[in-house]
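This is how it looks when you write it as structure tokens:
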């Protein structure tokens, strides 16, 4: 069977470590150096030229789980005060699991492939916040009697790194499966800056007779980080017109940060005999709560990146249509998003010898439902892909993103 250039579909649509290869779109990347970031086994397939160069591009994605574009523009972005009804509409949009927002940004610095070897350098950044619904209620409604405010699920932080990756793929000689390849990519993470809220807890309970509660919130700030991780993958052609792959990313991946400082904010309250009329005073709670602020200089903190597993498949229906699918699992919640499984499917239409169109959807995962639309150019020495992402459609979208990648062959 003629060897196909392996196309991997519907990776986690985020420009983050192992969740979405920075600078690569979701579709035909098997010929360029970005293949090492998706499934290094693909490097074992023959390339049309000895060298391929990845030209700088970008990818970004920003989503949230509560507010659509239409609701944001009509209720939140307006320069006006909210009445009680509008505040209730806003709070009703926030699920019981809390308000979550995710932002990812990536810039490929350099990508070079030589035959079965590929080197990539990418600048990556991610930020995430997951605030309990009670935090939004406290901010919009203020303190209310007989309410228990919990802050145990507070998650937040961000980090940025430069990732250097060296990948190698090689065909495995055997007589059972055609085009069987195996590959490995080793990553080195150079941490630039990190901020993390970790080990935080808190609750506050008010009645007409007492105020009771306690809490502690830790924030870590680091600048110099180092870490390594490994990806291992395999690909093959089990039948005519089919290509399948399996990859495990970020095995043992951690980043150790040198901390500049750790800030600890704590409070404790145990007060009986509340003066109800005083609850309206701005500084009343400040007077009855015992608060403490501590700063610790130096130290180290380790961020463990989640292992991700992904199985992919591609089917060439004819010369114009190719269909793709994937199943993926993120094994651990982190600053890059929640853990869980996803499933995706998509199609590629070869509109001309030099142009393709592609679309797809992911269900599950960090973004629940993510739609993709894009196009690409294909010439003998140059390829370009442009992709748009949307969490939902049109005014119901809860986030948008965009990706651009380019490759030169010589």
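In this note's numbering, the protein residues as written are 9 to 418. In this text, a Cβ means the ideal position worked out from N, Cα and C, and glycines have one as well.
Quiz item: Can you list, in chain order, the residues of its chain whose CB lies under 6 Å from that of residue 6, leaving out five sequence neighbours each side?
Solution: An answer regarding residue 6 cannot be provided, because it is not within the stretch 9 to 418 covered by the chain.
Quiz item: Can you tell me whether residue 350 is buried or exposed, with buried defined as 16 or more other CB within 10 angstroms of its CB?
Solution: buried
Practice problem: Spell out a yes or no on whether the stretch 188–201 and the stretch 169–178 are touching, meaning 3 or more CB-CB pairs, one atom from each, closer than 8 Å. | Solution: Result yes; three or more Cβ-Cβ pairs closer than 8 Å.
Practice problem: May I have the straight-line CA-CA distance separating residue 411 from residue 78, to the nearest angstrom? | Solution: The alpha-carbon separation between residue 411 and residue 78 amounts to approximately 23 Å.
Practice problem: Could you say which of 57, 343, 49 and 352 lies nearest to residue 336 if we only look at CA atoms? | Solution: 352
Quiz prompt | Nearest to residue 306 (by Cα), restricted to the options 324, 264 and 269 | solution = The option with the nearest alpha carbon to residue 306 is 269.
Quiz item: Cα-Cα, which of 156, 209 and 167 is closest to residue 219?
Solution: Considering only 156, 209 and 167, the residue with the shortest C-alpha distance to residue 219 is 156.
Quiz item: DSSP puts residue 226 in a beta bridge; with which residues?
Solution: 272
Quiz item: For residue 247, which three-state DSSP category applies?
Solution: coil
Self-check item: Sequence ranges, beta strand (DSSP E) only - wholly within the stretch 343–416, length at least 3
Solution: Those beta strand (DSSP E) runs which fall completely within the stretch 343–416 and span 3+ residues are 348–360, 363–372, 376–386 and 390–398.
Quiz item: Is the Cβ-Cβ distance between residue 182 and residue 234 less than 8 Å?
Solution: no
Self-check item: Euclidean distance between Cα positions of residue 106 and residue 147
Solution: 14 Å
Exercise. Could you name the residues of the same chain whose beta carbon sits closer than 8 Å to that of residue 303, not counting the 5 residues immediately before and after it, in chain order?
Key: 269, 270, 271 and 272.
Quiz item: Any idea which residues DSSP pairs residue 335 with across the strands?
Solution: 319 and 351
Quiz item: Going by the beta-carbon positions, is the gap between residue 239 and residue 255 smaller than 8 Å?
Solution: yes
Exercise. Can you tell me which of 264, 344, 140 and 267 puts its alpha carbon nearest to the alpha carbon of residue 208?
Key: When each option's Cα is compared against that of residue 208, the closest is 140.
Quiz item: Taking DSSP as the reference, what is the three-state secondary structure of residue 258?
Solution: strand
Exercise. Indicate whether residue 111 and residue 135 have their beta-carbon atoms separated by less than 8 Å.
Key: Closer than 8 Å, so yes.
Quiz item: If you draw a straight line from the C-alpha of residue 33 to the C-alpha of residue 51, how long is it?
Solution: The predicted model places residue 33 with a pLDDT of 33, which falls under 50 and marks its position as unreliable; any figure quoted below should be read in that light. Cα-Cα distance, rounded: 17 Å.
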